Amino acid sequence: CIWGQVEGVAHSSFRRLSGREKKEMQKEILSLLGLPGRPRPHPPLRPPSSAPLFMLDLYHAVSSEDDDGPGLGFSPEVVSHAALPTLSTHTPPLGTVVSEADTVMSFVNLVEQEKDLLQPRPYWKDFRFDLTPLPQGETVTAAEFRIYKTLPVGWRANRTLHISVYEIQREKRYRDPDLALLDMQSVPTGQEGWLAFDVTSASNRWLLNPRSNLGIRLYVETEEDRSLSAGWVGLVGRRGPRSKQPFMVTFFRASQAPCRPPR
Amino acid sequence: AVRHNNPRKKKPKHDLPHPNRPGIFDQNHASSGRQGCKKHELYVSFSDLGWRDWVLAPTGYSAYYCDGECDYPLSSCMNATNHATIQALVHLLKPNEVPKACCAPTKLSPISVLFYDDNNNVILKKHRNMVVKHCGC
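Chains as they are written, first to last, in the numbering used here: chain A, 3 to 265; chain B, 140 to 276.
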């Protein structure tokens, strides 16, 4: 009805919207689309990094599914599997989590710490994300930590690596923190591509209590339980190429039908 | 039979429409300058709004809307519901009491928007039932 009125006004009086009216109309469109408005500071003018590239891929997959009809059932593998970044090359059903998500947010990791390699094993790498701008009134349905693995130099390709991700639950001075296992994957050393770890349970806790967000810790071990540094086996960190930097992606579902306050 | 309750206006001699003038039962009635109910597009370009630097996708928003006549008979291409057909007929019988069937969305689809927030995070927001996909009477 709004556009009918606007167009009706335009036709009958053939007048252009005034500056103020245009601003009002923009606010209206922002509100209708649930857009917060132009971010401060300006978005990066550099080429998009890994998270925006992944999200753009996801956007095209979701939009094409919306045009063709809803997804055909739940396939968790799609969510917690490295298949997602290849969305544009094959179109598996997106699964309920993705197709029913109201909001999907990607978080660039803020803090990255690695154990000093001169210290005794085990070696670990910590990642921490700023999840504070979580959408209100929405619940986490799934969350993934995504890290890219390149081909390490000087490793036999057929060795198996066990990569495990823990939630850091309580930090202790001069001692290792309390950890809770979130996900683990065994991959051949010669595998290259994105690895996705399911961190949904931690995300739910962080959403309910943001101060409990102490980040996640990643360990790499060989079959003989020998601890390796993430960098040795080709896991890319913040200092890697922008398009391969680690990030987190979280899927949200609105817990109630969004009611838009009348303006 | 409808009783005419305004005696002043004299009914033309014969009740049936003139044979060589298109009447309301003729298919081409809707095409006489008044379009049948269908979907129209009003494209809102995010480039025009100066948002392209922070809205990654889409490039614009197709605010489709439904407009057009729902004149009896409602042909199948007008995507008319049975109710609309009955209402159009009752409107003929009681034009002053029953409104014509209206042209409205019969199928809606979602729209997704991808944008940067203040913290440089990228957010994909989906709004259900946001875009008119089909119109009908």
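Idealized CB from N, CA, C, for every residue including glycine. If you're wondering where the values come from, they're calculated on a predicted model, not measured in any experiment.
Taking 7 Å as the cut-off, the beta carbon of residue 194 of chain A is found closer than this to the beta carbon of residue 152 of chain A. According to the DSSP assignment, residue 127 of chain A belongs to the beta strand (DSSP E) that extends over 126 to 131. Nearest CB-CB separation between residue 105 of chain A and chain B: below the 7 Å threshold. With a cutoff of 7 Å on beta-carbon distance, residue 223 of chain A and residue 164 of chain A are scored as near each other. Taken in chain order, the complete beta strand (DSSP E) segments of 3 residues or longer contained in the stretch 108 to 189 of chain A are 126 to 131, 140 to 151, 162 to 174. With fewer than 16 neighbouring CB atoms inside 10 Å of its own CB, residue 139 of chain A falls in the exposed class. Taking a beta-carbon distance threshold of 7 Å, residue 228 of chain B does not count as an interface residue toward chain A. Secondary structure note for residue 208 of chain A: its alpha helix (DSSP H) is the uninterrupted segment 202 to 210. Nearest neighbour of residue 197 of chain B by Cα position, chosen from B:274, B:255, B:273, turns out to be B:255.
Residues of the same chain with a CB within less than 6 Å of the CB of residue 116 of chain A, apart from the 5 flanking positions on each side, are 127 in chain order. Shown here for residue 227 of chain A: not one same chain residue has a beta carbon closer than 8 Å to its own, the five before and five after excluded. Of the other Cβ atoms in all chains shown, fewer than 16 fall within 10 Å of the Cβ of residue 174 of chain A; this residue is therefore exposed. For the stretch 177 to 205 of chain B, the residues whose beta carbon sits under 8 Å from a beta carbon of chain A are, in order, 181, 183, 188, 190, 192, 193, 194, 195, 196, 197, 200, 202, 204. Sequence-distant partners of residue 217 of chain B (beyond 5 residues in either direction) whose C-beta falls short of 6 Å from its own C-beta, in its chain, are 175, 176, 276. Under the Cβ distance rule, residue 204 of chain A does not count among the residues neighbouring chain B, no pair being separated by less than 7 Å. Proximity of chain B to residue 31 of chain A at the Cβ level (cut-off 8 Å) is accounted for by 183, 188, 200, in chain order. Counted as a single uninterrupted DSSP element, the stretch harbouring residue 253 of chain B is not any alpha helix (DSSP H) but the beta strand (DSSP E) occupying residues 243 to 255.
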